[in-house]
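Sequences listed follow chains A and B, in order. Add 400 to a position in the first sequence, counting from 1, and you land on the number used in our numbering. Add 3 to a position in the second sequence, counting from 1, and you land on the number used in our numbering. This report concerns only the one structure given below.
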Amino acid sequence: NAGVTQTPKFQVLKTGQSMTLQCAQDMNHNSMYWYRQDPGMGLRLIYYSASEGTTDKGEVPNGYNVSRLNKREFSLRLESAAPSQTSVYFCASTLDRGHQPQHFGDGTRLSIL
Amino acid sequence: ILNVEQSPQSLHVQEGDSTNFTCSFPSSNFYALHWYRWETAKSPEALFVMTLNGDEKKKGRISATLNTKEGYSYLYIKGSQPEDSATYLCASLGGATNKLIFGTGTLLAVQP
């Protein structure tokens with residue numbers, strides 16, 4: 401059982417480049433999330449999708465866009481990467497937004513030069 | 004309390020010691036409290052989801068309690084082992100937002 405799969409695991413970009421982080425889950429979960437993790441800041445929510453067809457902003461959405469492609473897949477796009485977006489990005493999913501735990505992918509380590 | 008706060012920030016104990024951490028969260032419109040264990044170079048793994056005031060949950064040597072009226076949860080580890088070394092995160096759903104808000108975690112290091 402794969403759980404939550406994120407690709408790529410590592411990426412180095414130049415300032416101004418764009419890229420999409422991919423996330424897929426095979427647990428038939430309704431809700432999916434994108435977080436970033438920075439030293440001393442904990443996990444901060446970028447965007448989430450409560451159910452297929454909906455997306456909402458989290459704490460730190462500026463500079464990002466998302467697409468809930470179908471129930472399985474939730475992608476995060478950086479249109480014009482900035483050094484401040486250097487971070488580790490985690491995708492997560494859950495069946496029920498509060499009463500069930502979130503399941504996390506292995507993370508994507510992104511460096512913007 | 005507007006944010007989720009965890010204390011202490013870090014903790015160093017000897018193998019066999021018992022320890023506990025605190026998570027404080029907004030008590031208004033409380034919905035759920037999550038605890039996760041996060042080992043270095045891995046992803047967070049769920050320990051407990053707690054929803055009712057007075058809830059107590061246990062998994063092996065790890066247990067947690069919940070007080071929704073005053074907005075705090077305790078995580079206890081009995082007889083710490085080196086493999087317990089990790090960052091322990093709590094997250095709260097409720098308050099003024101319907102999003103799960105994470106604390107910054109407590110880093111536990113257990114010396115053999």
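For glycine and all other residues, C-beta sits at the position ideal for the given N, C-alpha and C. Here the structure is a predicted model, which is why all the values come from computation and not from measurement.
Cut-off 8 Å between Cβ atoms - residues of its own chain near Gly74 of chain B, not counting five sequence neighbours on either side: The residue given as residue 74 of chain B occupies position 71 in the second sequence. Close CB contacts of Gly74 of chain B within its chain, under the 8 Å cut and outside five residues either way in sequence, are with Ile4, Ser27, Phe28, Pro29, Ser30 and Phe33 (chain order).
Any Cβ of chain E within less than 8 Å of the Cβ of Pro408 of chain A? You won't find chain E in this structure, because its protein chains are A and B.
So which residues of chain A does Ala49 of chain B contact, with C-beta pairs closer than 8 Å? Translated into positions along the second sequence, residue 49 of chain B becomes position 46. Listed along chain A, the residues sitting closer than 8 Å to Ala49 of chain B by beta-carbon distance are Pro501, Gln502 and His503.
Flag this pair as touching only if the stretch 94-113 of chain B and the stretch 37-45 of chain B have three or more C-beta atom pairs under 8 Å; answer yes or no. Contact holds: three or more Cβ-Cβ distances are below 8 Å.
What does the Cβ neighbour count give for Ala482 of chain A, buried or exposed, with the cut at 16 atoms within 10 Å? In the first sequence, counting from the first residue as 1, residue 482 of chain A sits at position 82. Counting Cβ neighbours within 10 Å, Ala482 of chain A comes out exposed, since fewer than 16 surround it.
Please classify Ser449 of chain A: does DSSP put it in a helix, a strand, or coil? The residue you call residue 449 of chain A lines up with position 49 of the first sequence. If DSSP states are grouped into helix, strand and coil, Ser449 of chain A belongs with the strands.
Quick check on Ser21 of chain B: buried or exposed, where buried means 16 or more other Cβ atoms within 10 Å of its Cβ? As a first step, residue 21 of chain B is located in the second sequence; it is residue number 18 there, counting from the start. Exposed, because fewer than 16 other Cβ atoms sit within 10 Å of the Cβ of Ser21 of chain B.
Of all the options A:His429, A:Arg436 and A:Ile512, which has the alpha carbon lying nearest to the alpha carbon of Asn470 of chain A? The residue you call residue 470 of chain A lines up with position 70 of the first sequence. Comparing alpha carbon positions, the residue from A:His429, A:Arg436 and A:Ile512 closest to Asn470 of chain A is A:His429.
Note down, in chain order, every chain B residue with its Cβ under 7 Å from the Cβ of Leu445 of chain A. Your numbering for residue 445 of chain A matches position 45 in the first sequence. By Cβ distance, chain B contributes Lys102.
CA-to-CA distance, Ile80 of chain B to Ser13 of chain B, given in whole angstroms: Residue numbering aside, residue 13 of chain B sits at position 10 when the second sequence is read from its first letter. Residue numbering aside, residue 80 of chain B sits at position 77 when the second sequence is read from its first letter. A direct Cα-Cα distance of roughly 14 Å separates Ser13 of chain B from Ile80 of chain B.
Chain B partners of Gly442 of chain A, CB-CB under 8 Å? By 1-based counting over the first sequence, the position of residue 442 of chain A is 42. What Gly442 of chain A touches in chain B: Leu92, Phe105, Gly106, Thr107 and Gly108.
Once you ignore the five residues that flank Asp506 of chain A on each side, which residues in its own chain have a CB closer than 7 Å to its CB? Against the first sequence, residue 506 of chain A aligns to sequence position 106. Hits under 7 Å: Gln406 and Lys409.
Could you work out which residues of chain A lie near Ser46 of chain B, taking near to mean beta carbons separated by less than 7 Å? Taking the first residue of the second sequence as position 1, residue 46 of chain B is located at position 43. Those are Phe490, Phe504, Gly505, Asp506 and Gly507, listed as they occur along chain A.
Could you check the C-alpha separation between Val460 of chain A and Trp434 of chain A for me, to the nearest Å? As a first step, residue 460 of chain A must be located in the first sequence, where it is residue number 60. As a first step, residue 434 of chain A must be located in the first sequence, where it is residue number 34. Annotation: Val460 of chain A to Trp434 of chain A spans about 10 Å, alpha carbon to alpha carbon.
Is it buried or exposed, Ala402 of chain A, if we count other Cβ atoms within 10 angstroms and call 16 or more buried? Residue numbering aside, residue 402 of chain A sits at position 2 when the first sequence is read from its first letter. Around the beta carbon of Ala402 of chain A, a 10 Å sphere encloses fewer than 16 other beta carbons of the protein chains shown; the residue is thus reported as exposed.
My parser needs the alpha helix (DSSP H) runs of 4 or more residues fully inside the stretch 439-497 of chain A; what are they? You should have found no qualifying run.
Backbone secondary structure at Glu73 of chain B - three-state DSSP: In the second sequence, the residue the question calls residue 73 of chain B occupies position 70. Assigned with DSSP and collapsed to three states, Glu73 of chain B falls in coil, not helix or strand.
DSSP on Glu48 of chain B, reduced to helix/strand/coil? Taking the second sequence and counting its residues from 1, one reaches residue 48 of chain B at position 45. Three-state result, Glu48 of chain B: strand.
Assuming Thr109 of chain B contacts Pro47 of chain B (C-beta within less than 8 Å), just tell me the rounded distance between them. Position 106 of the second sequence, counting from 1, holds the residue named residue 109 of chain B. Position 44 of the second sequence, counting from 1, holds the residue named residue 47 of chain B. Between Pro47 of chain B and Thr109 of chain B the Cβ distance is about 13 Å, and since that is not below 8 Å, they are no contact.
So, using beta-carbon positions, are Gly453 of chain A and Arg477 of chain A closer together than 8 Å? Counting from 1 along the first sequence, the entry for residue 453 of chain A is found at position 53. Counting from 1 along the first sequence, the entry for residue 477 of chain A is found at position 77. For Gly453 of chain A and Arg477 of chain A, no; Cβs fall outside 8 Å.
What first and last residue would you give for the beta strand (DSSP E) that runs through Ser95 of chain B? By one-based count along the second sequence, residue 95 of chain B stands at place 92. Counting along the chain, the beta strand (DSSP E) containing Ser95 of chain B begins and ends at Ala89 to Gly97.
So for Glu86 of chain B, helix, strand or coil by DSSP? Start at 1 with the first residue of the second sequence, and residue 86 of chain B comes out as number 83. In this structure, Glu86 of chain B counts as helix in the three-state DSSP scheme.
With 8 Å as the threshold, decide whether the Cβ of Gly498 of chain A is near any Cβ in chain B. Numbered from its first residue, the first sequence carries residue 498 of chain A at position 98. It does; some Cβ of chain B falls within 8 Å.
Helix, strand or coil for Asn32 of chain B? Go by DSSP, reduced to three states. Position 29 of the second sequence holds residue 32 of chain B. Coil at Asn32 of chain B, not helix or strand.
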